[in-house]
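Residue numbers (our numbering): 103 to 602.
Next comes the structure, spelled out in structure tokens:
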């Protein structure tokens, strides 16, 4: 069931069986902004003290006013301290308020808060919309229990403004928030899908199904991949009974595009590790290894709705990494599309190998910048954990633009250096390059991975997001249940919308 999100002014509120959400700041006396009279407001303030409600970020308090009040059910949602105000707090609080109402009310009214900074109504509406749509996400496609498939009672969310003339800005924010949330949830669906249901050709079919309007899609099968000379992708695929696929998506805007940007996503639909096979616990979540490709597909899918003014290309190499009888082996050498040879020292460092072909292909497309997204290294999880995405780039302006976009999106990104002195460590003894460090032992794995990828971009402005730690979560946040997260998609969209 889809969720309707709209904007109305306060005079339209009737209150019958509906829930009203009011936001409040930590450590401040509650102000209902006229929703309750002073007597009822005082009574509610007493309740907050009795219940020790502080207004911390995403902290909730449910209150049932007297019968003569127009509000029958009220949720107070904390935003944290006013001086530390962040839109992420509004998004999280909205998500929790939505979930708290999901079994109680048909309609949820949310009063847009008075923000301490000059934040537009559109930005506030966007955050609230994302909170509701991300917070309601569940992956229950394969559940047989009908109860677990039921959506909550809430069918309609109304964002409340003071005056009718404020509605247009809020509606714009709702629309952008919806597209962003649907983009993230599209990625989550693909990542959460069982690996036997998203083999390379099935992922290619999904990509082909996105073609409409200004988005065109071309799929290359195994024979075409062989003819093009993508020996790296074919090498990784050799151990699988399922053929590889390579997908090129192109979005072209109305009029002359301002820039041409390429997005490249790692598409390992299941990673067993190959002959350097993973242990059970490490293999358990390896259906996530195509999250980079899913992100590219989702962002391209969103471009037309958001009127992105640039030409955007997406490149997604799809294969499994399996230990079949023809599997590539440690010591093998494969030749990438750009002619460089790669000496395989570990078959479980396969993501960078398939990206070598995809980046080489992208480099031939006359692009202004190339950005790849990949669940590439365990080292980035050690360095940054599961809340921060690693970023490496050969162009500082591109890196800073992406970091600025991540802040707008509310996603945490940390730039790591491309240390030139480490390049010696990926020189192959038999091939041009080794797919892991030749030194062994404890190594700066994320930087080594970035230096390897840099060999395939022909000095074009390039950046690499390592989402190995952030593409999947075993925990739960207000806006994300356990499973795929959709990390970095919102950052990429903010980058494309903000690029001059």
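For every residue, glycine included, the Cβ atom is placed at its ideal position computed from N, Cα and C. Just so it is clear, the structure is predicted and the values come from calculations on it, not from any experiment.
Own chain partners of residue i with C-beta closer than 8 Å, once the 5 adjacent residues on each side are dropped
i           : result
residue 181 : 125, 126, 127, 128, 157, 159, 187, 191, 192, 195 and 215
residue 284 : 235 and 404
residue 149 : 155, 163 and 165
residue 173 : 117, 122, 137, 138 and 167
residue 384 : 375
residue 153 : 163
residue 309 : 319, 321, 349, 351, 399 and 418
Cβ distance (whole Å) where residue i is taken to contact residue j below 8 Å
i           : j           : result
residue 592 : residue 513 : 6 Å
residue 176 : residue 155 : Contact flag wrong, Cβ pair sits at about 12 Å.
residue 110 : residue 262 : 6 Å
residue 366 : residue 457 : 7 Å
residue 107 : residue 259 : 5 Å
residue 572 : residue 197 : At roughly 18 Å, the Cβ-Cβ gap does not stay under 8 Å, so residue 572 and residue 197 are not in contact.
residue 340 : residue 430 : 5 Å
residue 476 : residue 459 : Their Cβ separation, rounded to whole angstroms, is 13 Å, which puts residue 476 and residue 459 out of contact at 8 Å.
residue 223 : residue 271 : 4 Å
residue 396 : residue 292 : 4 Å
residue 433 : residue 446 : 7 Å
residue 347 : residue 323 : 6 Å
residue 290 : residue 585 : 6 Å
residue 420 : residue 369 : 4 Å
residue 562 : residue 465 : 6 Å
residue 204 : residue 256 : 5 Å
Nonlocal neighbours in the same chain, by C-beta distance under 7 Å from residue i, ignoring five residues either side
i           : result
residue 406 : 315, 316, 317 and 353
residue 112 : 262 and 264
residue 202 : 162, 164 and 177
residue 500 : 471, 563 and 565
residue 524 : 546, 549, 550 and 553
residue 217 : 187 and 226
Buried or exposed (CB count within 10 angstroms, at least 16 for buried), residue i
i           : result
residue 574 : buried
residue 489 : exposed
residue 539 : buried
residue 454 : buried
residue 120 : buried
residue 389 : buried
residue 498 : exposed
residue 576 : exposed
residue 386 : exposed
residue 409 : exposed
Where residue i falls: helix, strand or coil (DSSP)
i           : result
residue 318 : strand
residue 452 : coil
residue 559 : coil
residue 167 : coil
residue 362 : strand
residue 415 : strand
residue 244 : coil
residue 441 : coil
residue 575 : strand
residue 566 : strand
residue 533 : coil
residue 232 : helix
residue 522 : helix
residue 126 : strand
residue 182 : coil
residue 303 : helix
residue 406 : coil
residue 340 : coil
residue 591 : helix
residue 200 : helix
residue 429 : coil
residue 370 : strand
Own chain, CB closer than 6 Å to residue i, minus 5 neighbours either side, in chain order
i           : result
residue 413 : 354, 359 and 362
residue 300 : 371
residue 494 : 518, 520, 552 and 566
residue 594 : 401
residue 183 : 128
residue 596 : 507, 510 and 511
residue 143 : 134
residue 273 : 109
Legend entry - Cβ contact check for the stretch 320-330 and the stretch 273-281: 3 or more pairs under 8 Å: The stretch 320-330 and the stretch 273-281 do not touch, with fewer than 3 CB-CB distances between them shorter than 8 Å.
Inset, instruction - Flag this pair as touching only if the stretch 474-493 and the stretch 538-548 have three or more C-beta atom pairs under 8 Å; answer yes or no. - result: Taking 8 Å as the limit for Cβ pairs, the verdict is that the stretch 538-548 does touch the stretch 474-493.
Inset, instruction - Evaluate the contact criterion for the stretch 373-385 versus the stretch 446-456: three or more CB pairs, one atom per stretch, below 8 Å. - result: Enough Cβ pairs lie closer than 8 Å, so yes.
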